[in-house]
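Going by this note's numbering, the first residue of the sequence shown is number -16, and it counts up by one from there. Glycine included, every Cβ here is placed at the ideal spot set by N, Cα and C. Only a predicted model underlies this, so the values are computations on that prediction, with no experimental measurement involved. Data first, discussion second: the structure below is written as structure tokens.
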Amino acid sequence: MYRRTFTRLSLLSGGALIWPACRSDPSGAVGTTGLMSTDERKTVERFAEVYLTTDGTKLKPLSEVSYVDNIDRRLSLFDAQTLEEVRLALKLFNYGSIPVGLNFRTFVHLDAAARIDYIARLDDGIAIQRGLSALMKNLVINGYWQDIEAGRAVGYQGPISEEAKIPSLGNAPLSHAPPPRAG
């Protein structure tokens, strides 16, 4: 094969792998606020399938918890710059499995064992890889536990338990003691 032909084929095949990650349109956004694209929702769902396994536990099954919608609502509270950074992180996480995991497929197309291995590689990786993994874990865990029924499945009674007769303070300010004086 000639060098120019090889170079041309390399560029075309590399571009074909990278092109989907370069799209900035949140096409096919569905959900509560519509902020998360279909690709972002799929990335979160595939991560949760292997990270938050509920089989054989008292935890409420993922299929019964609207954790992705909870994450979508949470993202709607972010300012524009932070939201774009989270979106970029979700893309990096999904497409990072190609070079990091040496799988030559995006995260959402990996089988369960390869996804677990990829998450473990990120946990043992450099700071940005650990940050991507931590972001995904925090999004999924916060989205899952925002469902009050998920907490009740393990015996959590709510933020203020009426059984303990804890009175609500409403908007009353907490008492503030002055700081101790030096000297």
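Query, Result
"Neighbourhood of Ala(-1) by C-beta, 7 Å cutoff - its chain only, sequence neighbours within 5 removed", "In this prediction, Ala(-1) has a pLDDT of 47, which is less than 50 and means its spatial position is unreliable; what the coordinates show is noted afterwards. Around Ala(-1): no qualifying Cβ."
"Straight-line gap, Ala117 to Thr21 (C-alpha atoms, nearest Å)", "21 Å"
"First through last residue of the alpha helix (DSSP H) which encompasses Lys25", "21 to 34"
"Asp38 versus Pro44 - alpha carbon distance", "7 Å"
"contact_flag[the region 46 to 61, the region 124 to 132] where n(CB pairs < 8 Å) is 3 or more", "yes"
"Backbone CA spacing between Gly79 and Val137 [nearest angstrom]", "35 Å"
"Leu115 to Ala72 span [Cα, whole Å]", "6 Å"
"Alpha-carbon spacing of Thr89 relative to Ala103, whole angstroms", "16 Å"
"Assigned secondary structure, Glu146 (DSSP; H/G/I helix, E/B strand, else coil)", "coil"
"Gly108 to Leu35 span [Cα, whole Å]", "21 Å"
"Sequence-distant residues of its chain with Cβ nearer than 6 Å to Ala95 (five each side left out)", "Val33"
"Pairwise C-alpha distance: Pro163 and Ile149", "30 Å"
"Environment of Asp106 [buried if 16+ CB atoms lie within 10 Å]", "exposed"
"Contact under 8 Å by Cβ, Arg56 with Thr26", "no"
"Exposure label - Ile99; buried when at least 16 CB within 10 Å", "exposed"
"Beta carbon of Met119 nearer than 8 Å to that of Phe76", "yes"
"Residue from Lys41, Arg29, Ala165 whose Cα sits closest to the Cα of Gly134", "Lys41"
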